[in-house]
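J.: Sequence order for the protein chains is V and X. Here the numbering used here is used: the first residue of the first sequence is 2, the next is one more, and so on. Here the numbering used here is used: the first residue of the second sequence is 2, the next is one more, and so on.
2 protein chains.
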Amino acid sequence: MKARVYVTYKPGVLDPQGQTVCQFLQNHGQAKVRDVRIGKLIEFDLEDMPRAEAESLLTEVSSSLLANPVIETFRVEMP
Amino acid sequence: MKARVYVTYKPGVLDPQGQTVCQFLQNHGQAKVRDVRIGKLIEFDLEDMPRAEAESLLTEVSSSLLANPVIETFRVEMP
């Protein structure tokens, strides 16, 4: 089964990579871009298992390994 | 208005970062993880504009700047 985890910076945390992209776009004619923030998209291919089990596996893995809880949040999404 | 762009490797393109995460998880008791692939999630804050205009702006920006068309694909998502 497929599942996805989105890891993003918490609001208020500085995102230099996003700011760089944003400034570049603004300086190159895209004045309508107000802000850009860049996160991670992690796609999992898991063995078949109950949905609740997959969700708890991914929540555990994300909170302990994939996201830095001090500055990042994550969201688990299953189709 | 808010919009998101997902940038992922094309199928068949090697993803060393994803493989590393996958192997780590397998070696640490998560045998049910078959594969992991890591992509980018880019969140935009745009000035208000028609949906079609935003979609074409993001498609242009993504194909020319954010994604490497040789190895990556992207998907634009608007709420």
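C-beta: ideal position from N, C-alpha, C; glycine also.
With H, G and I counted as helix, E and B as strand and the rest as coil, what does DSSP make of leucine 15 of chain X?
T.: Three-state result, leucine 15 of chain X: coil.
J.: Leaving out the 5 sequence neighbours to the left and right, which residues in its chain are closer than 6 angstroms to arginine 76 of chain X when beta-carbon positions are compared?
T.: Hits under 6 angstroms: Tyr7.
J.: I'd like to know whether the C-beta of valine 14 of chain X is nearer than 8 angstroms to at least one C-beta of chain V.
T.: Chain V, which has no Cβ nearer than 8 angstroms to the Cβ of valine 14 of chain X, makes this no.
J.: Under DSSP, the alpha helix (DSSP H) around leucine 58 of chain V begins and ends at which residues?
T.: Per DSSP, leucine 58 of chain V belongs to the alpha helix (DSSP H) from 52-62.
J.: Any idea what DSSP makes of valine 34 of chain V, helix, strand or coil?
T.: In this structure, valine 34 of chain V counts as strand in the three-state DSSP scheme.
J.: Where do the ends of the beta strand (DSSP E) carrying alanine 4 of chain V lie?
T.: 3-10 is the extent of the beta strand (DSSP E) around alanine 4 of chain V.
J.: Which residue wins for smallest C-alpha separation from leucine 58 of chain V, given the options X:Leu26, X:Glu78 and X:Ser65?
T.: For leucine 58 of chain V, the nearest C-alpha among the options comes from X:Leu26.
J.: Report yes or no: do three or more beta-carbon pairs, one from the segment 42-49 of chain V and one from the segment 32-39 of chain X, lie closer than 8 angstroms?
T.: The segment 42-49 of chain V, when compared against the segment 32-39 of chain X, does touch it at the 8 angstroms Cβ threshold.
J.: Is there at least one Cβ from chain X nearer than 8 angstroms to glycine 40 of chain V's Cβ?
T.: Chain X, which has a Cβ nearer than 8 angstroms to the Cβ of glycine 40 of chain V, makes this yes.
J.: According to the neighbour-count rule (16 or more other Cβ atoms, all chains shown, within 10 Å of its Cβ), is alanine 53 of chain V buried or exposed?
T.: Result: exposed.
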